[in-house]
Structures are given as C-alpha cells and as structure tokens.
Amino acid sequence: MTLEELLVFGVGLLSIVNPLANIGAFAAVTGHYPRLIQKQIALRTTLAVTIVMVGAAWAGLKVLKLLGISVPMLQTAGGLILLINALKMVTGTLARSEEGTGGWRDDWRAMAVVPLGIPLTVGGATVALIIATSSAAGGLIDLLKISGVCLLVALISGVLYAFAQKLSRHLGPTGLEIVTRLSGIILASIAIGVFATGMRGLFPGLAG
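Take a look at the structure:
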C-alpha cells in the first residue's frame, strides 16, 4: 500500500471512530468515578478497540470468505454502510449518545469494553472499512501497515478519552457537533470511493 492509500484509510478510520464526538458520552458514563479509575477505563477501552480493529484487519476477510462473501461484495456493502453513517453524522442523527451507554452495572472493567469500546468507539461501519481496506492488502507488510494505522487511531481515542472530562467542557455541545459533521463529510467522500471500487469489481463493464 502506498503512503497516500494509508493516509486515506487513516483519515477515514479516524472519521468513523470519531473519538472527539464520543467524549461527551464517555465523560457522562465515567464522570462519577475517581480520576485514576477514569484513566484506567480509557486504557482498557483503548486495548479493547485495538484488539477488535487489528483482529478485523487480519481475520475479518477470512471469516467472510468462509461465508462466501467476495471482496467486491464486501466493498460495495461496506461503502453503503459507511455512507449511511456519514449521512447521519452530517445531519446530526447519528445514534451515538448517552442513551446507548446508560443503565449499565457499576463494573468499570466490563463497561470499558462494552459499551464504551464496542459499540460506542468501534461499530459495524468501522469493521467494514477495515476489512474492505485489508482486502486490498498486498501481503504481510501491508497488513502490518494497516494494523499500525489501527493502533494509532486507537491510541488517539485513548488519549482523548483520558481527558474526556476537560475536553467535553471546553468544546461544549456546539464544538462536538461541528467536529461530527465535518467528519461526516470526509467519511462520505471515502465511502463513495469504496462503493465505486466494489461496483467495478461486481460489474467490470462499468470500468469502461
């Protein structure tokens, strides 16, 4: 994979994970814990997110092949999923709010994985993007590069979550909304590219 391809993947992955938009929910769920526990929750969430994303890069495509799903089919479906999520982000209707993280038992170790790691940070659209990208990998080196990008995005999310209380106060609802909508525009552009690649694979005649 070229540096440009990795950059596009990284921007797209960061846009769909969108940790800045999630810090409000993260802060609301973890706000009653001591500062030290909040950092430990952020660390565990980062580990969970890393495992899921890297696992999707290495094993996701193999699982789909066992189910009889081809790469073009995955790219087409993944592009549609990403586009739907992007449109929700742009219109402000993305269902990522405190409602999806409330009502959980007071066990911060489990809570760091579900729901804060999954599905708040990593959802179906994230996994679809990672698998679609890894399907174009040329070999071990490319998979390592993709894994490195996943790790970087997970670390960025973890750092933001570690300071979620302060960031949510400084950005405010308006700032978080602006970040989400701008990320949605970027993601929509990438989604159309993924979808178009899948369609060309399913219908080679379109390439002409």
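When we follow this note's numbering, the leftmost residue of the sequence shown carries the number 1124, and every step to the right adds one. Virtual Cβ for every residue (Gly too), placed ideally from N, Cα, C. Keep in mind it's a predicted model, so treat the numbers as computed, not measured.
Hey, could you find the ends of the alpha helix (DSSP H) M1212 is sitting in?
-> V1194 to T1214
Where does V1140 fall in DSSP's three states?
-> helix
From A1233, L1267, A1248 and Q1161, pick the residue whose C-alpha is nearest to that of L1210; which is it?
-> A1248
Taking C-alpha atoms, which residue in L1166, G1191, M1212 and P1327 lies nearest to K1310?
-> In the sequence on display, residue 1310 carries Leu and not Lys. Checking every option, the nearest Cα to that of L1310 belongs to M1212.
Three or more C-beta pairs below 8 Å linking the region 1178 to 1187 and the region 1284 to 1294 = no
Determine the DSSP secondary structure at Q1261, reduced to helix, strand or coil.
-> It is Gly, not Gln, that sits at residue 1261 in the sequence shown. G1261: coil per DSSP, three-state reduction.
Local conformation of T1173 per DSSP, three classes = helix
Terminal residues of the continuous alpha helix (DSSP H) containing T1125?
-> It is not in any alpha helix (DSSP H) - T1125 carries neither H nor E in the DSSP assignment.
Thinking just about the alpha-carbon of each residue, which of G1246, S1257, G1324 and V1245 is nearest to the one in L1184?
-> S1257
CB-CB under 7 Å to L1203, same chain, minus the five flanking residues each way: which ones, in chain order?
-> F1318
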